[in-house]
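If you read the protein sequences in the order shown, they are chains A and B.
Positions 1124 to 1473 (the numbering used here) are the ones given, in order, by the first sequence.
Positions 422 to 1086 (the numbering used here) are the ones given, in order, by the second sequence.
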Amino acid sequence: MASPLPNELGPDPAAVEKQYADLGALFDRELAAAPDVKALRDRWLGRKNGLLTFSNDHWLKPAPRELKPLVGKLQNALKVRVEQAFEEQARVAAGAVRAEPGLDLTLPGPPRHIGARHPVLIVQEEIQDIFRSMGYSIAEGPEIESDYYNFEALNFPDNHPARDAMDTIFITDRMVLRTHTSPNQIRIMESHRPPLRYLVPGKVYRNDAPDASHSPMFHQIEGFAVDEHITFADLKGTLDYFLKQLFGAAIVTRFRPSFFPFTEPSAEVDISCIFCQGSGCRVCKQSGFIEILGCGMIDPAVYSYVGYDPERYSGFAFGMGMDRVAMLRYDINDIQLLFQGDVRFLRQFR
Amino acid sequence: MRILLSWVREFVDLPESPRDIAHALTMAGLTVESVAEEQGETIFEMDITTNRPDAMNHLGVAREISAVYGRPVRRPEIRFHEDARPAASAASIDIADPDLCARYTGRVALQVQVASSPDWMRRRLELCGVRSINNVADITNYVLLEAGHPTHAFDLDTIHGDTQHGPRIIVRRAHPGERLLTLDGVERTLQPHHLTIADADRAVALAGIMGGGETEISLRTRNVLIESAWFDPASIRRTARQHGMHTEASHRFERGADIEAAPWSNDRIAGLLEQLAGATILNGIIDAYPTPRARAPIRLRASEVRRHLGVDISPSEVERILRALGFEVQGEQVIPPTARLDVEREIDVIEEIARIWGYDRFPLTLPAWSGHVEPPENARPRERLRATALALGYDEAITYSFLSAAEAERFGSWPAVAVRNPLSELHAVMRNSAVPGLLRAMEWNLNRGVSDARLFEIGRLYRQDGDGFAEPPVLALAATGSDFYGLKADVLQLLEVFATGPIRLDEAVPASYYRAGHSATLAAGDGPVARLGEIDPALAAERKLRQPVFLAELCLDRLYELPLREPRYRPLPRVPAVDRDFSLLLPEGTRFAQIAEAVGEREYLVRIEPVEIFRGGQVPPGKYSLLLRAVWQRDDVSLTDEQVNEYAHSLMETLREKLGAEQRA
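Structural data, given as structure tokens:
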């Protein structure tokens, strides 16, 4: 490169200082106008042909002894300044993307969609998390279930009207599609001794023709605890805590007497309507409450099927429809949407 | 059931508002679903649980609310004159099968004027949803709604007798094949396990369910025999179900009627017949009650009340509640009223106390805990698979566990478990494949203009397993807007959850619904772990699928037997890898597996990978172009250019010799 620089050092300190001042000014001009920082860096700091190498070789090295300290100082100062300038440039380049003209920041990036969890399973995970924190284990059981576990050991005698409410789907005379998750109370109690705390989620089946609020397949979650000294007040406390975790601390729970063959006393649990806060609306049919689960103290008759001493142990059990919770939570008005696999629906739960 | 508030108010003082009363009943366990006003009447629509047949009537509801409010109940007053002639001279009653009929009472009413009922009675019946027929039938229905006991009125002159006895009622099992025309006009064929009411010659009623047509009250009826009995609940239920019948009477008898209400109801009907139909009531009630029943006392321990409920309720409060519900209380011994067949044990009594004391008064406590938490079976691998599928962009689906028989036949690998009482053809069997459900979903999405649906489902399949059933777990994927290679990469990513060891590819078509040459089976260890590919174009055409659909099925029962892949740290290389690209021309039909095999294991060669494949253009026919990248790495020192050039040269020579590869200019 043709050097624009004087080939020799000026004769006196003033000339030397001007010489370096000119060189510094040249650098500032070129930096400001530089189209290509890398080329400019080579031009100034290049090991063989860089301008500062030139000044080093042609000005500093041959400088007379009396001028050498001054030239050395000026040469070094300029070199530090140039290096710092390039470092600064590199920092800017490596930092935030430079807002070059032409980059439209409002354009969307390329989509990278993760899949969406199914709303019923989102609800299931939340419920499991709440109960895990209270020491509940999680288990599953068969969906094709025997009459014994689905009915008999749960204190539903043969030819009992309570069976009518279940609209059972049969596989054989003695095998059914489980109508609830409660058979697992028996299965788990048979193979474990108290103290017990279990949660059993899963699919259940009823012979209901599909429509907006019915489905022959849906999802329940069963919970139960058996120990010495478990009371009805514990049942209320546990479910009140759970429902407030699930629906928010602002809700109110209400326990009403009810009937299930395998619990005594039995209760239906309502929560204050999450849509109108209890003042009455379409969802709660103006009652201010929404029925949310069934529960009760495990009937001592059930213990006789699993060989527990009913005078020693007591416990509670509850069961809840998770599809219904998902529908309430997300304002879904048709249960069929849950089972159609329509991605326009599923993607709303990302 | 519908309950008229004004009717309840006849039996108990209720100054409270309808809303308050409805709330109090609901909180005591008799659910009032809605409160309506019709024709100036307040009507409660009530949902009464199957264990409380005693409350399925107005007096029963009154008893319950009286216990809640602590007020007395007034029973309806019964008043009538009895004629001097004894009822037993006009009819006789025998119970031949006391195991199925514990009590049968009869009263005889003569000179009955059958006509329409007075307006007040018709109005109440109709507001309760019962059609008015004539005064005699209406009176039996009225008493049913009032106090809950089902009764029946026979035209006495149609009951056959014999010379010794006059008209006879015999409660007996049916003769095999015996026929009876019931009031609904259906001729029924009976068997010995069906209990009938018979006269001297024939069955005249299906006991506790429905009367017979030949002995029905008509406008010509003059004399009436009133039946008020108690039948065995299980027998009534079995018989009603077998005949596909469900009546107001069977509904109550099968839930358990009050044996002491039988004579009372009969008297109540006699009084109304005299008052409203001008009947003459013969003297006495015929009461066939072979073995009078007494309710056994139940021991109620205060300690048990405390243990189950977790609160102290004072003995005087317990006694007040139980007496208000009609229990007799003597120290620890309590005797429930005869109407409350659901109360048999100490725990049943404790529930009564809790219910009336008020569930809302119990404190909220949490039980102490001394157990441990067990990890759920297979939850870890399942959650990792699920997280991976979600990360790969598959949405989580849940499809029905039912299939049509045709779907099961076409897609299943084993005979499907049949449903005995399916809702429809689409619900005929339990699924033996996850494919039909996802395929339906893909069809649904494509028909709605979604061209990039990606779904996964983790669920169960069902099959017969010896005498029992097995429910093997499965993971299935379905995707449109993808291709075989994308699907394959996704499946391999999912399989990486497990320590599978090397995975082998079997190119045979895995099942008839896959497209040959575009589908494969993946195996690890000693068996297949997944199958995947494009669906058969014939199937796609049949379903009118607008785009190719790709499927994959992972056999989770096999995979769950494998350990999860546990990452293990290997020291990081200190120098970077070096790569070289080869632009190759290969004879058409040369497969990547052959190239990999030809290259084999080489010193410092880390991997080879296909970068791009071309056909056509400058590439001569019978050949294809592959841009192949090879990567070398030495952990300790850098490989020199010369070394890598040498490796590359040797690699190229091998490809040339073994596969006839040429290097493109």
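We put the beta carbon where it would ideally sit given N, CA and C, even for glycine.
| Check | Outcome |
| --- | --- |
| Candidates A:Ser1256, A:Pro1306 and A:Ile1250: closest to Asp1270 (chain A) by CA position | A:Pro1306 |
| Chain B contact for Ala1222 (chain A) (CB, 8 Å cutoff) | Caution is warranted here: a pLDDT of 49 is assigned to Ala1222 (chain A), below 50, making its placement in the model unreliable, and no coordinate value can be reported. |
| Simplified DSSP state of Val551 (chain B), which is helix, strand or coil | coil |
| Extent of the continuous alpha helix (DSSP H) run through Val564 (chain B) | Asn556 to Ala568 |
| Beta carbon of Gln1084 (chain B) nearer than 8 Å to that of Phe1013 (chain B) | no |
| Other residues of its chain near Leu980 (chain B): CB distance less than 6 Å, five sequence neighbours each side excluded | Phe919 and Val950 |
| Burial state of His1241 (chain A), where buried means 16 or more other Cβ atoms lie within 10 Å | buried |
| Cutoff 8 Å: Val1466 (chain A) Cβ touching any chain B Cβ | yes |
| Amino acids of chain A, ordered along the chain, whose beta-carbon sits closer than 9 Å to that of Asn687 (chain B) | Result: empty, since nearest Cβ-Cβ is about 25 Å, beyond 9 Å. |
| Distance CB(Phe575 (chain B))-CB(Val494 (chain B)) smaller than 8 Å | no |
| Under 8 Å from the C-beta of Ala1148 (chain A): neighbouring residues of chain B | Per Cβ cutoff of 8 Å: no residues; Ala1148 (chain A) is ~42 Å from chain B at best. |
| Minimum Cβ-Cβ distance from Val1246 (chain A) to chain B less than 8 Å | no |
| Local Cβ density within 10 Å of Glu892 (chain B), reported as buried at 16 or more and exposed below that | buried |
| Buried or exposed by the 16-neighbour rule on C-beta atoms within 10 Å, applied to Ser735 (chain B) | exposed |
| For Phe652 (chain B), the residue or residues it bridges with in DSSP | B:Cys522 |
| Where Pro736 (chain B) sits in the DSSP three-state scheme | helix |
| Proximal residues of chain B, C-beta to C-beta of Ile1237 (chain A) below 7 Å | Leu811, Ala812 and Gly814 |
| Within chain B, partners of Ile1292 (chain A) - CB distance below 7 Å | Val840 and Asn842 |
| Any C-beta of chain B under 8 Å from that of Glu1266 (chain A) | yes |
| At least three beta-carbon pairs within less than 8 Å, the segment 656–663 of chain B to the segment 532–550 of chain B | no |
| The segment 1356–1366 of chain A in contact with the segment 1260–1279 of chain A per 3-pair CB rule at 8 Å | no |
| Residues near Thr471 (chain B) in its chain [Cβ-Cβ closer than 8 Å; skip 5 each side] | Arg676 |
| Within-8 Å CB hit, Phe652 (chain B) to chain A | no |
| Nearest-angstrom Cα separation, counted from Glu740 (chain B) out to Pro718 (chain B) | 15 Å |
| Under 9 Å by beta carbon: chain B residues contacting Ser1381 (chain A) | Gly450, Thr452 and Thr470 |
| Test item: CB-CB of Ile630 (chain B) and Ala530 (chain B) under 8 Å | no |
| Given 8 Å, three or more beta-carbon pairs between the segment 572–587 of chain B and the segment 634–646 of chain B | yes |
| Contacts that Gly1360 (chain A) makes with chain D (C-beta to C-beta distance below 7 Å) | The displayed structure is made up of protein chains A and B, and chain D is not among them. |
| Close Cβ partners of Glu1351 (chain A) (< 7 Å) along its chain, the five nearest in sequence each way excluded | Arg1435 and Tyr1436 |
| Alpha carbon of Leu697 (chain B) to alpha carbon of Ala536 (chain B), nearest angstrom | 9 Å |
| Backbone CA spacing between Leu1244 (chain A) and Ala1276 (chain A) [nearest angstrom] | 29 Å |
| Cross-chain neighbours of His729 (chain B) in chain A, by beta carbon under 7 Å | Thr1354, Phe1355, Met1420 and Ser1437 |
| Spatial distance of Gly1232 (chain A) from Ser872 (chain B) (CA atoms) | 20 Å |
| 8 Å Cβ cutoff, His1241 (chain A) in contact with chain B | yes |
| Residues of its chain near Pro1008 (chain B), where Cβ-Cβ distance is below 7 Å and the 5 sequence neighbours each way are ignored | Gly1043, Lys1044 and Gly1081 |
| Chain B contact for Ile1261 (chain A) (CB, 8 Å cutoff) | yes |
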